[in-house]
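Following: one structure in structure tokens, then a few remarks.
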Amino acid sequence: MNSPAATTARRRICAAVTPSSSLSKIRTKARALFNSLHIRIQPATELLTIINELGGNILRHAGRGEICLEVLTQEGRLGFRIVATDSGPGIADIKKASQPGFSEDNGLGLGLSGITNLSDKVQIDNLLPHGTRVEVIKWLSP
Ligand SMILES: Nc1ncnc2c1ncn2[C@@H]1O[C@H](COP(=O)(O)OP(=O)(O)OP(=O)(O)O)[C@@H](O)[C@H]1O
Ligand SMILES: [Mg+2]
């Protein structure tokens, strides 16, 4: 059983990110979730920016994948866990890829560092045999 202080998931949405659907599915589902929870415009915009960057990376660097968004509560505080997964090539040097300005293909290289600035925790893992998993946690101000 969870203690009252434990982080517990209350709602979870997922959507495929593919070249044909692009980011529209996850954006639409996320917006509906934020509206239903009455999330203010600023944190909602920041969360959508994180989703855009993660989804953009899936499309650009891996081709297709999935993004899930989960509602968290901890001691009465609301937060979100966003997990982006794909079966692409993975990231050779995660530390380097997370630095502002690093891009393998002439992008701005500000996606992963921007996500870090907008969130409380970012965990990037390579998946076996190949692929990338990025987990982001963002807590909202009371
Ligand atoms: N899902 C992924 N699969 C493989 N490599 C990735 C993935 N996400 C990021 N990377 C690698 O990390 C680098 C940095 O990503 P980041 O999002 O910061 O910059 P970018 O995508 O190159 O440019 P932009 O600023 O337009 O997002 C990428 O150039 C790429 O090499
Ligand atoms: Mg990017």
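Oh and the sequence shown: position 6 is 6 in the numbering used here, straight run, nothing missing.
Every residue, glycine too, gets a C-beta built ideally from N, C-alpha and C.
The three-state secondary structure of Ala92, taken from DSSP, is coil. Non-local C-beta neighbours of Ala97 in its own chain, meaning closer than 8 angstroms and more than five positions away in sequence, comprise Ile91, Glu104, Leu112 and Ile124, ordered along the chain. Annotation for Ile50: no beta strand (DSSP E) segment contains it, though the alpha helix (DSSP H) segment containing it runs Ile41 to Asn57. In this structure, ligand 1 has no non-hydrogen atom nearer than 8 angstroms to the beta-carbon of Ile26. The DSSP-derived three-state label of Leu69 is strand. Remark: C-beta atoms of Lys138 and Ile58 do not approach each other more closely than 9 angstroms. Its chain contains no residue whose beta carbon lies nearer than 6 angstroms to that of Arg27 once the 5 sequence neighbours on both sides are disregarded.
For Gly114, there is no enclosing beta strand (DSSP E); the enclosing alpha helix (DSSP H) covers residues Gly111 to Leu118. Membership of Arg31 in the alpha helix (DSSP H) is indicated by the continuous run Ser24 to Ser36. Counting other Cβ atoms within 10 Å of its Cβ, Asp120 stays below 16 and is therefore classed as exposed. Judged by DSSP secondary structure, Gln123 falls within the beta strand (DSSP E) whose first and last residues are Lys121 to Asn126.
Spatial neighbours of Asp86 in its own chain (CB-CB distance under 6 angstroms, excluding positions within 5 residues in sequence) are listed in chain order as Ile58, Ala62, Gly65, Gly131 and Thr132. DSSP places Arg81 in the strand class (E or B) of the three-state scheme. The same chain holds no residue with a CB closer than 7 angstroms to that of Gly76 once the five nearest residues on each side in sequence are set aside.
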